[in-house]
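Numbering (UniProt numbering), first residue to last: 1 to 406.
Here's the structure we're looking at; comments come further down.
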């Protein structure tokens, strides 16, 4: 017979005898210190400080238990979870749920969605005291940052780049660069500069002032929602369908490009000044006519007829937008897609999806898979007001569209 086991009422005392960090130094992080601390009430903990200079979007947590019989041997628990994916999905199997629960209760200040870490720290002329993402109960996400700037700064360059993850992160729409001190001092902003300063004004109001900066500790809790910014920019492509379009956006209300940037609803007039076909004649196509027409009600469109005698299985669509400051300069959009492959695959990244949507809505007779060509294309293309962006600085814009077979 088997020996009788205990009745389950035996009292146990759990005593932590040692806590330590092992296998240091680490490849991608720097361990500042790691030592066990025992409080007067007997509580034992691990006091650790580690610098993570890179941004982490993959964070593997492994938990293993060993039981010492004659030597330590694996016993019961051997769990591995990828924290970023687990937190993003939000559905846990029992072992993952337990690991997440332990993290939530034992290190609550670091229990938040990825990314973790800070970019390119340590910095050369400033000291980063801390940098962590904070998620509030209402879902608001912000970055809690404290940085010491011991020098006086009369030059502060702000760079903003946006990346979209399709299979990997790739540049998408935004690649802005402004010199804050000069921009604030002159008070004249191009559209990208105006948007960057608007973000600084709304999200960091305590630091929205003229240079010099520095020589103190900056404590930032930024809760800016990227979604608000994207609501201004995603629709911008929707007006890019013609070969070249010149647009003027006029504001009726407060002057826009002041140091105190206007907030609120401003009535706008969008006027199409010119539409034309450029870089003619074309190598493999014959342009029969291309002229702008304006109706009595103010509707403006481009009447185009072009004969393409060859069969096309490759059609490159390029869209670029420009803003006129003193001259026309690139602004926001510089997209390139191969139409035939995009239509064939049927899976689009955001910029491709917008281009395809415009073609589908404004050129429905020509929205079909390749091959194209071997025919005459005649179309009167309108620029519907509903496709125009709702929030852009006043001024003159130009949109260039290229269709190429190579």
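Here a beta-carbon is modelled for each residue, glycine too, at the ideal position from N, C-alpha and C.
Name the DSSP bridge partner or partners of residue 338? Locating residue 338 in the chain shown gives position 338, counting from the first residue. Its beta-bridge partners are 316.
Paired residues, beta bridge with residue 78 - DSSP: Taking the chain shown and counting its residues from 1, one reaches residue 78 at position 78. Bridge partners of residue 78: 64.
Comparing alpha-carbon positions, which option in 112, 126, 155, 157 lies nearest residue 140? Within the chain shown, the letter at position 140 stands for residue 140. Nearest option by C-alpha distance: 112.
Restricting to Cα atoms, I'd like to know which of 88, 35, 51 is closest to residue 45. Here residue 45 refers to the residue found at position 45 when the chain shown is read from its first residue. Measuring from the Cα of residue 45, the nearest candidate turns out to be 35.
Quick check on the burial criterion: 16 or more other C-beta atoms within 10 angstroms. Buried or exposed for residue 26? Working through the chain shown from its first residue, we reach residue 26 at position 26. That one is exposed.
If you run the structure through DSSP and keep just helix, strand and coil, what is residue 40? Locating residue 40 in the chain shown gives position 40, where the first residue counts as 1. In this structure, residue 40 counts as coil in the three-state DSSP scheme.
Can you give me the Cβ contacts of residue 116 inside the same chain, cut-off strictly under 7 Å, excluding the 5 residues immediately before and after it? Locating residue 116 in the chain shown gives position 116, counting from the first residue. If we look at residue 116 and ignore the five residues flanking it on each side, its Cβ neighbours are 52, 56, 59.
In this structure, does DSSP put residue 365 in helix, strand or coil? Position 365 of the chain shown, counted from the start, is the residue given in the question as residue 365. Helix at residue 365.
Given 8 Å, three or more beta-carbon pairs between the region 330 to 350 and the region 364 to 374: yes
Just to confirm my understanding: we take residue 109, look at its own chain, exclude 5 residues before and 5 after, and list those with CB closer than 6 Å. What are they? As a first step, residue 109 is located in the chain shown; it is residue number 109 there, counting from the start. For residue 109, where only same-chain residues beyond five positions count, there are no Cβ hits under 6 Å.
Our contact map puts residue 308 next to residue 377 with C-beta atoms below 8 Å; I'd like the distance itself, whole angstroms only. For the purposes of this step, residue 308 is taken as the residue at position 308 of the chain shown. For the purposes of this step, residue 377 is taken as the residue at position 377 of the chain shown. That pair is a contact at about 7 Å.
Please work out which residues of its chain come closer than 6 Å, Cβ to Cβ, to residue 98, disregarding the five sequence neighbours upstream and downstream, and give them in chain order. Within the chain shown, numbered from 1, the residue matching residue 98 stands at position 98. Cβ neighbours of residue 98 beyond the five flanking positions: none.
Between the Cα of residue 358 and the Cα atoms of 289, 103, 401, which residue gives the shortest distance? Counting from one through the chain shown, the residue named residue 358 turns up at place 358. Nearest of 289, 103, 401 to residue 358, Cα basis: 401.
Indicate whether residue 86 and residue 76 have their beta-carbon atoms separated by less than 9 Å. Stepping through the chain shown from its first residue, residue 86 is reached at position 86. Stepping through the chain shown from its first residue, residue 76 is reached at position 76. Against a cut-off of 9 Å, the Cβ pair of residue 76 and residue 86 comes out as no contact.
Please report how far the alpha carbon of residue 104 lies from the alpha carbon of residue 83, in whole angstroms. Taking the chain shown and counting its residues from 1, the one referred to as residue 104 is at position 104. Taking the chain shown and counting its residues from 1, the one referred to as residue 83 is at position 83. Between residue 104 and residue 83, the C-alpha separation is close to 12 Å.
If you count every other CB in all the chains shown that lies within 10 Å of the CB of residue 408, and 16 or more means buried, which is it? Limits of the chain in this structure are 1 at one end and 406 at the other, which puts residue 408 out of reach.
Does any residue of chain C have a CB that is nearer than 9 Å to the CB of residue 279? Absent from the structure is chain C; it holds one protein chain and no more.
Who pairs with residue 171 in a beta bridge, going by DSSP? Sequence index remark: in the chain shown, residue 171 carries index 171 (1-based). Residue 171 is bridged to 163.
Got a sec? Which residues, its chain only, sit under 7 Å from residue 88 by beta carbon, not counting five neighbours each side? On the chain shown, residue 88 is found 88 positions in, with the first residue counted as 1. Excluding positions up to five away in sequence, the list reads 113.
Enclosing alpha helix (DSSP H) for residue 198 [first to last residue]: Taking the chain shown and counting its residues from 1, one reaches residue 198 at position 198. 191 to 203 is the extent of the alpha helix (DSSP H) around residue 198.
Segment limits, alpha helix (DSSP H) that includes residue 94: In the chain shown, the residue the question calls residue 94 occupies position 94. Run containing residue 94: 94 to 106, per the alpha helix (DSSP H) assignment.
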